[in-house]
Amino acid sequence: MGGSEPQRGEQMTDWTNRPLPAERLLTFYNILMVVLWAAMLGRAWYALWLGLAHVAALPLPWLFARLPHNAGRGMRFLRELSPLLLVGVFWIELDLVRPALDLVGIDKPVAALDRLIFGVHLHEVWLPAMDAVWFSELMHLAYWAYYPAAYLPPIILAVMARNPATRDMVFRLTLVYLSCYLVYIAFPVDGPHFLEEPTAGIHQEGFFYGLVESAQRMGDSLGCSFPSSHVAIAVTAALLAWRWLPRWIAVLLWIEAVGVLLSTTYTQHHYAIDSLVGLLWAFGFWWLATPVHQRLSGEPPPAPQASG
Numbered sequence: 004m005g006g007s008e009p010q011r012g013e014q015m016t017d018w019t020n021r022p023l024p025a026e027r028l029l030t031f032y033n034i035l036m037v038v039l040w041a042a043m044l045g046r047a048w049y050a051l052w053l054g055l056a057h058v059a060a061l062p063l064p065w066l067f068a069r070l071p072h073n074a075g076r077g078m079r080f081l082r083e084l085s086p087l088l089l090v091g092v093f094w095i096e097l098d099l100v101r102p103a104l105d106l107v108g109i110d111k112p113v114a115a116l117d118r119l120i121f122g123v124h125l126h127e128v129w130l131p132a133m134d135a136v137w138f139s140e141l142m143h144l145a146y147w148a149y150y151p152a153a154y155l156p157p158i159i160l161a162v163m164a165r166n167p168a169t170r171d172m173v174f175r176l177t178l179v180y181l182s183c184y185l186v187y188i189a190f191p192v193d194g195p196h197f198l199e200e201p202t203a204g205i206h207q208e209g210f211f212y213g214l215v216e217s218a219q220r221m222g223d224s225l226g227c228s229f230p231s232s233h234v235a236i237a238v239t240a241a242l243l244a245w246r247w248l249p250r251w252i253a254v255l256l257w258i259e260a261v262g263v264l265l266s267t268t269y270t271q272h273h274y275a276i277d278s279l280v281g282l283l284w285a286f287g288f289w290w291l292a293t294p295v296h297q298r299l300s301g302e303p304p305p306a307p308q309a310s311g
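Residue numbers (the numbering used here): 4 to 311.
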């Protein structure tokens with residue numbers, strides 16, 4: 004997967020005059036959402052405004068590409084990370100698609116598959132069986148740490164102007180996020196977090212328990228349980244760290260990825276099958292990233308230069 008130490012040859016300040024692969028992914032997603040919201044005109048008062056917002060976002064990659072090569076660092080930074088910023092906005096939008104389409108969650112077949120594979124619903128039995136505050140806090144910390152694990156590496160690399168690494172990270176994360184979003188729109192699964200009462204106990208007084216619950220209340224969207232994007236993104240971030248970052252950072256992100264894989268079920272936010280498919284999703288789209296990148300840009304994703 005390439006060298007782990009940053010190479011001087013990776014330091015690039017080029018301002019490419021064509022849309023980046025991650026930006027092209029956003030273009031396809033924006034076109035799809037324009038069509039979707041146009042089809043829902045008259046069914047939701049916000050359909051027109053959200054459709055127009057996606058129309059307004061369509062020319063952004065080409066506007067970025069037309070900026071001069073000596074554009075300031077702030078503009079460079081914004082361009083490199085804009086796909087991830089928009090992905091965050093699109094996540095909030097998902098909560099508005101479901102009622103507009105009047106879709107019903109398909110939890111029953113997913114829950115049945117979960118029981119078929121694991122014999123029980125692990126989210127129902129694991130937390131009550133291991134409800135010590137220290138263990139609950141460890142699991143909730145792992146669940147919460149998904150956010151800095153996913154976003155800090157590309158932000159730091161963008162600040163350092165390590166464009167190949169930044170662009171590879173942003174492209175692969177955007178690909179995984181948007182692929183999950185399309186599944187959520189077509190096949191919404193609510194998950195136990197929305198459908199079941201959480202297990203009560205002393206663990207609910209923990210700091211990280213409260214932090215996770217507060218984050219969920221502020222930004223969770225209905226119908227986005229299967230596959231677990233937390234797991235898919237955490238594993239993708241770990242793979243990216245192994246590809247671009249020093250080994251000690253990669254090891255930390257792999258520990259975090261395993262923590263997310265376990266904590267999504269332990270914290271009762273997901274069925275275990277959600278997490279399992281999220282793991283497979285990450286590896287599947289890691290493999291698909293190369294042909295998709297090749298299709299979008301005519302070249303494979305950037306790879307770290309070999310040392311020596």
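In this text, a Cβ means the ideal position worked out from N, Cα and C, and glycines have one as well.
All of these numbers come straight from a predicted model, not from anything done at the bench.
Residue environment, residue i, which counts as buried when at least 16 other CB atoms sit within 10 Å
i      : result
Met142 : buried
Phe138 : exposed
Pro249 : exposed
Glu199 : exposed
Glu259 : buried
Pro151 : exposed
Asp277 : buried
Asp117 : buried
Ile34  : exposed
Ala25  : buried
Val123 : exposed
His233 : buried
Pro71  : exposed
Asn166 : buried
Asp105 : exposed
Phe229 : buried
Met36  : buried
Simplified DSSP state of residue i, which is helix, strand or coil
i      : result
Val123 : coil
Leu44  : strand
Val107 : coil
Arg165 : strand
Thr16  : Because Thr16 sits at a pLDDT of 47, beneath the cut-off of 50, its placement in the model cannot be relied upon, and the point is left open.
Gly6   : Confidence is the limiting factor: at Gly6 the pLDDT is only 48, short of 50, which leaves the residue's position unreliable, though a coordinate-based value still follows. If DSSP states are grouped into helix, strand and coil, Gly6 belongs with coil.
CA nearest to the CA of residue i, picked from the options
i      : options                        : result
Ala237 : Arg250, Leu225, Thr267, Phe211 : Thr267
Arg246 : Tyr187, Leu160, Ala168         : Ala168
Ala164 : Val123, Leu283, Trp147, Met78  : Met78
Leu39  : Val92, Ala114, Arg101, Trp65   : Arg101
Leu398 : Ala285, Trp65, Ala42, Leu66    : Beyond the ends of the chain as shown, which are 4 and 311, falls residue 398; an answer cannot be given.
Thr30  : Pro305, Pro303, Leu299, Pro307 : Leu299
Tyr274 : Gly75, Ile109, Leu160          : Ile109
Thr239 : Leu255, Leu51, Ala285, Val107  : Ala285
Tyr212 : Leu283, Tyr146, Phe93, Arg69   : Tyr146
Trp129 : His272, His233, Gln297         : His272
Glu216 : Asn73, Glu302, Pro201          : Pro201
Trp289 : Leu279, Arg76, Asp171          : Asp171
Ala255 : Leu125, Val179, Ala148, Thr293 : Just to set this straight, residue 255 is Leu in the shown sequence, not Ala. Among Leu125, Val179, Ala148, Thr293, the Cα nearest to that of Leu255 is on Ala148.
Leu88  : Leu119, Thr19, Trp52, Val173   : Val173
Leu160 : Phe80, Ala292, Leu28           : Phe80
Ala103 : Trp48, Pro131, Ala135, Gly262  : Trp48
Phe93  : Val113, Tyr32, Trp65           : Tyr32
Arg175 : Leu242, Arg76, Pro230          : Leu242
Thr270 : Tyr180, Ala74, Ala135, Leu53   : Ala135
Cys227 : Tyr187, Gly281, Leu282         : Tyr187
Where the alpha helix (DSSP H) through residue i begins and ends
i      : result
Phe138 : 136-147
Gly301 : No alpha helix (DSSP H) holds Gly301; DSSP gives it neither H nor E.
Gly54  : 50-60
Ala68  : 63-68
Residue i CB to nearest heavy atom of the ligand HEM below 7 Å
i      : result
Asn166 : Absence of the ligand HEM from the depicted structure is noted, as is the absence of any ligand whatsoever, leaving it without description.
Note down, one range per segment and in chain order, each alpha helix (DSSP H) of at least 4 residues found wholly within the region 195-279. 195-198, 210-222, 232-247, 250-269
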